[in-house]
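Enquirer: Would you mind keeping the following structure in view while I ask a few things?
In my numbering, the protein residues as written are 29 to 285.
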């Protein structure tokens, strides 16, 4: 363990698996006390135990990010227990598949309740707490789908685009009081959420052909980006959207081999 985040209190949503779990572990490795939040206790407990076994500090809060009262209470309780909140990582998301012409209003809204509303509630609560304690860092997790149109995922794409521009506004408002807000923009990452699209060798190979680096990301690679933006090394960075996508968003014409 090193100490880039020593003494910091960090709250990570969607922390039971994938990017959230990797982020919680990475922040703890660097000395942060990490509160891991999610809907299901069992996976959260596994992450917390893994962190503790490695010598880190972590605890869990069970809360549904799409439930405003439960989610806000979890953040406020964590801050009260530890005296402050230094880092907020809004990673939890939800999505539905389907064509625009067949999508129900209910399915459309389902893309926003966690991804947009939850990010707003988490950010608003964190800003209030961080202003009172002299500043902090908010990192919101978007997606490459928020940069480009994605067939069959219009709701998810719209929600992630909203997260990106919302975060710019937050950065503008928070800068004067020391609250930074940045976005990490993943491409395809090997997580439980993408297990279906990477379910066999051929499907995975076809996906990787579209990525200039010719591979999907590991959750730990996204966690490293979050760590940087959360740390004091990024003290003059706010309002940024950092793609961590193997070059996918930089490549207009992909050469298929």
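For every residue, glycine included, the Cβ atom is placed at its ideal position computed from N, Cα and C. Remember, it's a predicted structure, so these values are computed and weren't measured experimentally.
(1) To the nearest angstrom, how far is it from the Cα of residue 147 to the Cα of residue 233?
(2) Using alpha carbons as the reference points, say which of 81, 82, 120 lies closest to residue 66.
(3) So the candidates are 45, 43, 267; which of them puts its Cα closest to the Cα of residue 196?
(4) Within 10 angstroms of its Cβ, does residue 68 collect 16 or more other Cβ (buried), or is it exposed?
(5) Which runs of the beta strand (DSSP E) spanning at least 3 residues fall entirely within the region 170-221, listed in chain order?
(6) So, does the region 126-134 touch the region 89-98, judging by three or more C-beta pairs under 8 Å?
(7) Who are the Cβ neighbours of residue 98 in its own chain at under 8 Å, not counting the five residues just before and after it?
(8) Evaluate residue 193 with the Cβ neighbour count: other Cβ atoms within 10 Å of its Cβ, from every protein chain shown; 16 or more gives buried, anything less gives exposed.
(9) Just to confirm, is the Cβ distance from residue 55 to residue 257 under 8 Å?
(10) For residue 159, which residues in the same chain have their Cβ closer than 7 Å to its Cβ, ignoring the five residues on either side in sequence?
(11) Are the CB atoms of residue 79 and residue 52 within a distance shorter than 8 Å?
(12) Mind checking who residue 39 pairs with in its DSSP beta bridge?
(13) Contact defined as beta carbons within less than 8 Å: I believe residue 86 pairs with residue 250. What is the distance between those atoms, to the nearest angstrom?
(14) Taking only the alpha-carbon atoms, compute the straight-line gap between residue 238 and residue 111 and give it to the nearest angstrom.
(15) List in chain order: all unbroken alpha helix (DSSP H) runs of 4+ residues lying wholly within the region 246-281.
(16) List the endpoints of the continuous beta strand (DSSP E) containing residue 88.
(17) With the cut-off set at 8 Å, would you say residue 273 and residue 213 are in Cβ contact?
(18) Should residue 241 be labelled buried (16 or more other beta-carbon atoms within 10 Å of its own) or exposed?
(19) I'd like the span of the alpha helix (DSSP H) that includes residue 77, first residue to last.
(20) How is the alpha helix (DSSP H) around residue 46 delimited, first residue to last?
(21) Could you check how far apart the C-beta atoms of residue 179 and residue 164 are, in whole angstroms? I think they sit under 8 Å.
(22) How about residue 128 and residue 166: are their beta carbons less than 8 Å apart?
(23) Residue 84: buried (16+ other C-beta within 10 angstroms of its C-beta) or exposed?
(24) Could you give the DSSP three-state label for residue 103: helix, strand or coil?
(25) If you measure between the beta carbons of residue 276 and residue 215, is that distance less than 8 Å?
(26) Exposed or buried, residue 108, counting other C-beta atoms within 10 Å across all chains shown (16 or more means buried)?
Expert: Put simply:
(1) As a first step, residue 147 is located in the chain shown; it is residue number 119 there, counting from the start. As a first step, residue 233 is located in the chain shown; it is residue number 205 there, counting from the start. Their Cα atoms are separated by approximately 33 Å.
(2) As a working note, residue 66 is residue 38 in the chain shown. With distances taken between Cα atoms, residue 66 lies closest to 120.
(3) Along the chain shown, one-based indexing puts residue 196 at 168. For residue 196, the nearest C-alpha among the options comes from 267.
(4) Position 40 of the chain shown, counted from the start, is the residue given in the question as residue 68. Exposed: under 16 other Cβ atoms inside 10 Å.
(5) Counting only runs of 3 or more, we get 207-214.
(6) No, the region 126-134 is not in contact with the region 89-98.
(7) Taking the chain shown and counting its residues from 1, the one referred to as residue 98 is at position 70. For residue 98, where only same-chain residues beyond five positions count, the Cβ hits under 8 Å are 91, 92.
(8) Here residue 193 is taken as the residue at index 165 of the chain shown, counted from 1. With fewer than 16 other Cβ atoms within 10 Å, it is exposed.
(9) As a first step, residue 55 is located in the chain shown; it is residue number 27 there, counting from the start. As a first step, residue 257 is located in the chain shown; it is residue number 229 there, counting from the start. In this structure, residue 257 does not lie closer than 8 Å to residue 55 by Cβ.
(10) As a first step, residue 159 must be located in the chain shown, where it is residue number 131. Contacts found: 205, 207.
(11) Taking the first residue of the chain shown as position 1, residue 52 is located at position 24. Taking the first residue of the chain shown as position 1, residue 79 is located at position 51. Result yes, Cβ atoms of residue 52 and residue 79 sit closer than 8 Å.
(12) For the purposes of this step, residue 39 is identified with residue 11 of the chain shown, where counting begins at 1. According to DSSP, residue 39 bridges with 63, 116.
(13) Translated into positions along the chain shown, residue 86 becomes position 58. Translated into positions along the chain shown, residue 250 becomes position 222. Not quite, the Cβ-Cβ distance comes to about 18 Å (not below 8 Å), so this is no contact.
(14) Within the chain shown, the letter at position 210 stands for residue 238. Within the chain shown, the letter at position 83 stands for residue 111. The alpha-carbon separation between residue 238 and residue 111 amounts to approximately 46 Å.
(15) Counting whole runs of 4 or more residues, the region 246-281 contains the alpha helix (DSSP H) stretches 247-258.
(16) Here residue 88 refers to the residue found at position 60 when the chain shown is read from its first residue. Residue range 85-90 is occupied by the beta strand (DSSP E) that includes residue 88.
(17) As a working mapping, residue 273 is identified with position 245 in the chain shown. As a working mapping, residue 213 is identified with position 185 in the chain shown. Against a cut-off of 8 Å, the Cβ pair of residue 213 and residue 273 comes out as a contact.
(18) The residue labelled residue 241 in the question sits at position 213 within the chain shown. Looking at its Cβ environment, which holds fewer than 16 other Cβ atoms inside 10 Å, residue 241 is exposed.
(19) If you number the chain shown from 1, residue 77 lands on position 49. Run containing residue 77: 69-81, per the alpha helix (DSSP H) assignment.
(20) In the chain shown, the residue the question calls residue 46 occupies position 18. Counting along the chain, the alpha helix (DSSP H) containing residue 46 begins and ends at 46-57.
(21) Here residue 179 refers to the residue found at position 151 when the chain shown is read from its first residue. Here residue 164 refers to the residue found at position 136 when the chain shown is read from its first residue. The beta-carbon separation of residue 179 and residue 164, rounded to 38 Å, does not stay under the 8 Å limit for a contact.
(22) Here residue 128 refers to the residue found at position 100 of the chain shown. Here residue 166 refers to the residue found at position 138 of the chain shown. Result no, Cβ atoms of residue 128 and residue 166 do not sit closer than 8 Å.
(23) Stepping through the chain shown from its first residue, residue 84 is reached at position 56. By the 10 Å Cβ count, residue 84 comes out buried.
(24) What you label residue 103 is simply residue 75 of the chain shown in a count that begins at 1. The answer is helix: DSSP assigns residue 103 an H, G or I state.
(25) Stepping through the chain shown from its first residue, residue 276 is reached at position 248. Stepping through the chain shown from its first residue, residue 215 is reached at position 187. For residue 276 and residue 215, yes; Cβs fall inside 8 Å.
(26) As a position in the chain shown, residue 108 is number 80, starting the count at 1. By the 10 Å Cβ count, residue 108 comes out exposed.
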